[in-house]
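*Asks:*
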Amino acid sequence: MIDQIFSETLKILSTLIKFQTTSGNSNLELIKYCEKKLEDAGAKSFKTFNESKSQANLFSTIRGKNNSNEKGIILSGHTDVVPAVSSEWTSDPFIARKKDNKVYGRGACDMKGFIACTLAVAPLFVSKKLKAPIHFSYTFDEETGCLGAPLVLADLKKRNISFSACIIGEPTNMKAINAHKGYNEYITHFTGLSGHASNPESGVSAIEYAIQYSNKLLELRDELKKRNSKKTIFSPSYSTLQIGKISGGIGANVIADQCSLEWEVRPINKEDGEFISNNIDAFAKDILIPKIKKNNPKGNIKKEIIGEVVGFNKEETSEAVNLISNLTGDNSKNTMSFGTEAGLFQNSGISTVICGPGSIEQAHTVDEYISYDQLKQCLKMLINLQKRIESI
Ligand SMILES: [Zn+2]
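Following numbering that gives the first Met the number 0, the numbering of the sequence shown begins with 0 at its first residue and continues without gaps.
1) Check the DSSP bridge columns for glycine 76 and list the partner residues they point to.
2) Under 8 Å: does the beta carbon of histidine 77 sit that close to some heavy atom of ligand 1?
3) Can you list, in chain order, the residues of its chain with a C-beta nearer than 6 Å to that of aspartate 154? Leave out the 5 residues immediately preceding and following it.
4) What are the boundary residues of the beta strand (DSSP E) that leucine 150 is part of?
5) Is DSSP giving phenylalanine 274 helix, strand or coil here?
6) What are the complete beta strand (DSSP E) segments, minimum 3 residues, inside the region 242–291?
7) Assign valine 365 to one of two classes, buried (16 or more other C-beta atoms within 10 Å of its C-beta) or exposed (fewer than that).
8) Run through the DSSP bridge pairs and tell me what tyrosine 368 is partnered with.
9) Quick check on this structure: which residue in His363, Ile382, Arg387 has the alpha carbon closest to the alpha carbon of tyrosine 103?
10) Going by CA-CA distance only, name the one from Ile166, Arg105, Ser22, Gly181 that's closest to alanine 175.
11) Ligand 1 and threonine 339: does the residue's C-beta get closer than 8 Å to at least one heavy atom of that ligand?
12) Between the beta-carbon of glycine 194 and the beta-carbon of isoleucine 291, is there less than 9 Å?
13) Do you know how far the Cα of glycine 348 is from the Cα of glycine 235?
14) Identify the continuous beta strand (DSSP E) that holds threonine 334 and give its terminal residues.
15) By how many angstroms is the C-alpha of valine 151 removed from the C-alpha of isoleucine 242?
16) By a C-beta neighbour count over all protein chains shown, 10 Å radius and 16 as the cutoff for buried, is valine 264 buried or exposed?
17) Nearest by alpha-carbon distance to tyrosine 237: which of Ile4, Leu322, Lys224 is it?
18) Could you spell out where the alpha helix (DSSP H) holding threonine 8 opens and where it closes?
19) Since alanine 42 contacts serine 53 with CB under 8 Å, what's their CB separation in whole angstroms?
20) Three or more beta-carbon pairs under 8 Å between the region 370–389 and the region 316–329, yes or no?
21) Measuring from the CB of methionine 335, is there a heavy atom of ligand 1 at a distance below 8 Å?
22) So leucine 57 is in the beta strand (DSSP E); what residue range does that whole segment cover?
23) Can you give me the C-alpha to C-alpha distance between serine 136 and glycine 202, rounded to a whole angstrom?
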């Protein structure tokens with residue numbers, strides 16, 4: 000049976016890769032395809048949209064023949080992928096290429112491979128009497144700050160549906176992940192006034208303000224280290240801050256009117272993220288902005304939020320983690336250092352675990368791939384889930 004489902008998985012994955020669902024782009028064609036597949040299998044669906052209706056989250060439910068009121072299990076994946084520059088790839092990133100028991104293509108591993116597995120297994124759920132419903136949640140724009148998931152979660156709350164567990168199929172080599180740090184990403188834009196370097200009074204250097212702002216961030220970074228003396232499960236055991244890119248200016252003899260700073264925080268708890276935001280915003284507002292605006296009304300400092308992904312906290316006893324251990328036969332639990340939608344599902348009161356096919360090392364890379372073996376391991380887990388729901 001698994002061979003047949005596996006060949007169906009490969010077909011579906013090839014189709015999914017063809018939809019160019021780079022974050023920010025429309026994913027409606029992909030959602031239409033998934034919705035049709037699930038509804039053909041007997042699922043009932045509803046969708047939530049972004050403001051311009053160019054992107055959708057799909058939430059579909061298979062109740063089985065029993066129409067049971069038991070709490071169900073969510074299989075969750077994001078439909079967007081990070082950008083791909085065709086010229087860097089061995090072949091077209093949006094056409095699946097099979098070689099050496101691997102499927103290459105943008106999103107193969109993060110995370111259309113998991114979505115393909117869930118779609119391929121769906122008919123199996125329908126053909127059985129389920130004791131609890133199975134739900135499929137496919138979201139938009141996870142990679143750019145989890146923009147889609149909050150909409151679907153708000154909708155589920157309105158519909159008053161509760162769940163026993165959520166499995167998020169991000170690439171973890173099919174290992175259970177029960178916690179990760181938050182991930183906050185920002186670009187701060189500085190606007191000064193250009194002028195000739197020989198006359199410093201004629202301009203306002205945006206770069207010099209970016210430096211003062213950077214120094215404050217580094218000061219706050221030291222505070223972060225001190226704030227978390229207690230041992231945590233994360234490594235490193237404190238919240239981190241990094242300035243990753245600084246751009247601005249045109250040459251030594253021109254006062255720079257523009258500068259931007261790209262930086263991130265990986266907080267081990269919500270408070271650390273708020274500590275940084277509150278302090279740097281107050282520093283900009285009270286100290287830097289009044290100075291940069293003096294004699295230069297256009298002067299300004301603006302912090303743009305690229306994404307604020309909430310952390311995923313370890314649950315003392317986790318129904319979702321126990322479920323995965325039962326399904327995969329692997330009792331190990333790990334933490335990881337990249338952000339996912341897990342914290343959002345958890346904050347909605349749903350026991351959550353991250354476990355999916357493929358390695359994070361292949362995600363976001365040129366010539367991204369997923370191995371046949373990982374897809375098969377995921378299918379085995381899903382088939383075990385079906386058996387389990389049938390016999391709960
Ligand atoms: Zn992902």
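For every residue, glycine included, the Cβ atom is placed at its ideal position computed from N, Cα and C.
Bear in mind the structure is a predicted one, so any value in this text is a computation, not a measurement.
*Replies:* Straight from the coordinates:
1) On the sequence shown, position 77 is the one that residue 76 refers to. Beta-bridge pairing links glycine 76 to Tyr137.
2) Stepping through the sequence shown from its first residue, residue 77 is reached at position 78. It does: the Cβ of histidine 77 is within 8 Å (strictly closer) of some heavy atom of ligand 1.
3) Working through the sequence shown from its first residue, we reach residue 154 at position 155. Thr47.
4) Translated into the one-based positions of the sequence shown, residue 150 becomes position 151. Not the beta strand (DSSP E): leucine 150 falls in the alpha helix (DSSP H), residues 148–157.
5) Here residue 274 is taken as the residue at index 275 of the sequence shown, counted from 1. If DSSP states are grouped into helix, strand and coil, phenylalanine 274 belongs with the helices.
6) 257–265
7) Residue 365 sits at position 366 when you count from the first residue of the sequence shown. Classification for valine 365: exposed.
8) Numbered from its first residue, the sequence shown carries residue 368 at position 369. Answer by DSSP bridge pairing, in chain order: Tyr103.
9) Within the sequence shown, residue 103 is the residue found at index 104, counting from 1. Of the listed residues, the one whose Cα sits closest to tyrosine 103 is His363.
10) Your numbering for residue 175 matches position 176 in the sequence shown. Ranking the options by Cα distance to alanine 175, first place goes to Ile166.
11) Walking along the sequence shown from the start, residue 339 turns up at place 340. Yes, since a heavy atom of ligand 1 falls inside the 8 Å radius drawn around the Cβ of threonine 339.
12) Residue 194 sits at position 195 when you count from the first residue of the sequence shown. Residue 291 sits at position 292 when you count from the first residue of the sequence shown. Cβ distance not < 9 Å, so glycine 194 and isoleucine 291 don't count as in contact.
13) Within the sequence shown, residue 235 is the residue found at index 236, counting from 1. Within the sequence shown, residue 348 is the residue found at index 349, counting from 1. The amino acid occupying residue 235 in the given sequence is proline; glycine does not appear at that position. Near 27 Å, if we compare the C-alpha coordinates of glycine 348 and proline 235.
14) The count along the sequence shown starts at 1 and reaches residue 334 at position 335. Threonine 334 -> beta strand (DSSP E) spans 332–335.
15) In the sequence shown, the residue the question calls residue 242 occupies position 243. In the sequence shown, the residue the question calls residue 151 occupies position 152. Those two C-alpha atoms are separated by around 33 Å.
16) Start at 1 with the first residue of the sequence shown, and residue 264 comes out as number 265. Valine 264 should be labelled buried.
17) As a first step, residue 237 must be located in the sequence shown, where it is residue number 238. Closest by alpha carbon: Lys224.
18) Stepping through the sequence shown from its first residue, residue 8 is reached at position 9. Threonine 8 -> alpha helix (DSSP H) spans 1–17.
19) Position 43 of the sequence shown, counting from 1, holds the residue named residue 42. Position 54 of the sequence shown, counting from 1, holds the residue named residue 53. Contact flag wrong, Cβ pair sits at about 24 Å.
20) yes
21) Position 336 of the sequence shown, counting from 1, holds the residue named residue 335. The answer is no for methionine 335.
22) Within the sequence shown, residue 57 is the residue found at index 58, counting from 1. Its beta strand (DSSP E) spans residues 55–61.
23) The residue labelled residue 136 in the question sits at position 137 within the sequence shown. The residue labelled residue 202 in the question sits at position 203 within the sequence shown. Cα to Cα, the separation comes out at about 53 Å.
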